[in-house]
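In my numbering, the protein residues as written are 59 to 163. See structure below.
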Amino acid sequence: MCELPSKPEDDSYSLNLEQVFDCLYQCFTLLFVKEVEHQSLSQAEQLILSISKALANKIHAKEETESQVSKEAKTKAQLIINAMQQLEKQRQNQKKQTRNMGNMC
(Lines of atoms letter the chains of each structure in order from A and count residues from 1; the text may use other names and numbers.)
(Lines give C-alpha, C1' and ligand atoms only; values in the text may rest on other atoms or scores of the structure.)
Protein backbone atom coordinates (compact mmCIF):
# COMPACT_ATOMS: atom_id res chain seq x y z
CA MET A 1 0.00 0.00 0.00
CA CYS A 2 2.92 2.34 0.52
CA GLU A 3 6.50 2.51 -0.63
CA LEU A 4 9.22 1.92 1.94
CA PRO A 5 12.61 3.62 1.75
CA SER A 6 15.30 1.74 -0.11
CA LYS A 7 17.38 -0.71 1.89
CA PRO A 8 20.96 0.42 2.58
CA GLU A 9 23.88 -1.77 1.52
CA ASP A 10 25.13 -2.44 5.07
CA ASP A 11 21.91 -4.19 6.28
CA SER A 12 21.26 -1.46 8.83
CA TYR A 13 17.70 -1.05 7.63
CA SER A 14 15.34 0.48 10.16
CA LEU A 15 12.24 2.59 10.10
CA ASN A 16 11.65 5.45 12.48
CA LEU A 17 8.32 6.33 14.08
CA GLU A 18 7.55 8.96 11.43
CA GLN A 19 8.02 6.51 8.55
CA VAL A 20 5.91 3.80 10.16
CA PHE A 21 3.18 6.26 11.06
CA ASP A 22 3.14 7.72 7.55
CA CYS A 23 2.60 4.25 6.06
CA LEU A 24 -0.14 3.51 8.59
CA TYR A 25 -1.76 6.86 7.85
CA GLN A 26 -1.89 6.09 4.13
CA CYS A 27 -3.37 2.65 4.80
CA PHE A 28 -5.82 4.10 7.34
CA THR A 29 -7.08 6.64 4.82
CA LEU A 30 -7.80 3.99 2.19
CA LEU A 31 -9.46 1.65 4.68
CA PHE A 32 -11.53 4.43 6.22
CA VAL A 33 -13.00 5.26 2.82
CA LYS A 34 -13.58 1.57 2.12
CA GLU A 35 -15.52 1.07 5.34
CA VAL A 36 -17.56 4.25 4.94
CA GLU A 37 -18.53 3.31 1.38
CA HIS A 38 -18.89 -0.48 1.70
CA GLN A 39 -19.35 -1.09 5.46
CA SER A 40 -17.17 -4.17 5.47
CA LEU A 41 -13.52 -4.72 6.30
CA SER A 42 -11.61 -7.92 6.83
CA GLN A 43 -10.22 -8.70 10.26
CA ALA A 44 -6.72 -7.73 9.06
CA GLU A 45 -8.00 -4.41 7.73
CA GLN A 46 -9.78 -3.70 11.02
CA LEU A 47 -6.51 -4.45 12.80
CA ILE A 48 -4.73 -1.82 10.68
CA LEU A 49 -7.36 0.72 11.74
CA SER A 50 -6.88 -0.22 15.40
CA ILE A 51 -3.09 -0.04 15.23
CA SER A 52 -3.29 3.31 13.43
CA LYS A 53 -5.59 4.67 16.12
CA ALA A 54 -3.36 3.39 18.93
CA LEU A 55 -0.25 4.95 17.40
CA ALA A 56 -2.13 8.19 16.68
CA ASN A 57 -3.16 8.37 20.35
CA LYS A 58 0.44 7.77 21.39
CA ILE A 59 1.74 10.50 19.06
CA HIS A 60 -1.02 12.91 20.08
CA ALA A 61 -0.13 12.41 23.76
CA LYS A 62 3.52 13.35 23.24
CA GLU A 63 4.60 16.78 24.43
CA GLU A 64 4.88 19.57 21.85
CA THR A 65 8.50 20.13 22.87
CA GLU A 66 9.61 16.63 21.90
CA SER A 67 11.54 16.77 18.66
CA GLN A 68 10.85 13.10 17.89
CA VAL A 69 7.42 13.88 16.47
CA SER A 70 6.92 16.45 13.73
CA LYS A 71 3.98 18.81 13.48
CA GLU A 72 2.87 16.92 10.37
CA ALA A 73 2.71 13.64 12.31
CA LYS A 74 0.70 15.33 15.08
CA THR A 75 -1.73 16.69 12.48
CA LYS A 76 -2.13 13.24 10.90
CA ALA A 77 -2.61 11.73 14.37
CA GLN A 78 -5.41 14.19 15.11
CA LEU A 79 -7.03 13.42 11.74
CA ILE A 80 -7.00 9.68 12.54
CA ILE A 81 -8.47 10.28 16.00
CA ASN A 82 -11.26 12.46 14.56
CA ALA A 83 -11.96 10.02 11.73
CA MET A 84 -12.20 7.08 14.14
CA GLN A 85 -14.68 8.99 16.30
CA GLN A 86 -16.84 9.58 13.23
CA LEU A 87 -16.49 5.96 12.17
CA GLU A 88 -17.50 4.71 15.62
CA LYS A 89 -20.61 6.93 15.52
CA GLN A 90 -21.47 5.54 12.10
CA ARG A 91 -21.02 1.97 13.37
CA GLN A 92 -23.29 2.68 16.35
CA ASN A 93 -25.97 4.13 14.06
CA GLN A 94 -25.77 1.07 11.82
CA LYS A 95 -26.17 -1.22 14.84
CA LYS A 96 -29.21 0.79 15.98
CA GLN A 97 -30.76 0.54 12.53
CA THR A 98 -30.12 -3.21 12.41
CA ARG A 99 -31.73 -3.67 15.84
CA ASN A 100 -34.69 -1.47 14.88
CA MET A 101 -35.20 -3.45 11.67
CA GLY A 102 -35.15 -6.69 13.69
CA ASN A 103 -37.80 -5.35 16.07
CA MET A 104 -40.13 -4.49 13.17
CA CYS A 105 -40.40 -8.09 12.01
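By construction, the Cβ of each residue, glycine as well, lies at the ideal position given by its N, Cα and C atoms.
Does residue i pass the burial test, meaning 16 or more other C-beta atoms within 10 Å, or should it be called exposed?
{"i": "A141", "result": "buried"}
{"i": "V78", "result": "exposed"}
{"i": "V91", "result": "exposed"}
{"i": "A114", "result": "buried"}
{"i": "V127", "result": "buried"}
{"i": "A131", "result": "buried"}
{"i": "S72", "result": "exposed"}
{"i": "S110", "result": "buried"}
Within the same chain, show all residues whose beta-carbon is closer than 8 angstroms to that of residue i, passing over the 5 residues directly before and after it, in chain order.
{"i": "I106", "result": "L82, C85, F86, L89"}
{"i": "H118", "result": "K132, A135, Q136, I139"}
Between residue i and the ligand ATP, is there a pair consisting of the residue's CB and a ligand heavy atom that are separated by less than 6 angstroms?
{"i": "C81", "result": "Absence of the ligand ATP is noted for the structure shown, with no ligands found whatsoever."}
What does a CB cutoff of less than 7 angstroms around residue i pick up in its chain, not counting 5 residues either side in sequence?
{"i": "L137", "result": "none"}
{"i": "K129", "result": "none"}
{"i": "E93", "result": "L99, L145"}
{"i": "E76", "result": "S128, A131"}
Less than 6 angstroms between C-beta atoms, sequence neighbours within five positions excluded: which residues of the same chain meet that for residue i?
{"i": "L145", "result": "none"}
{"i": "K120", "result": "V127"}
Segments of 4+ residues assigned as alpha helix (DSSP H) that fall wholly inside the stretch 98 to 146: 101 to 119
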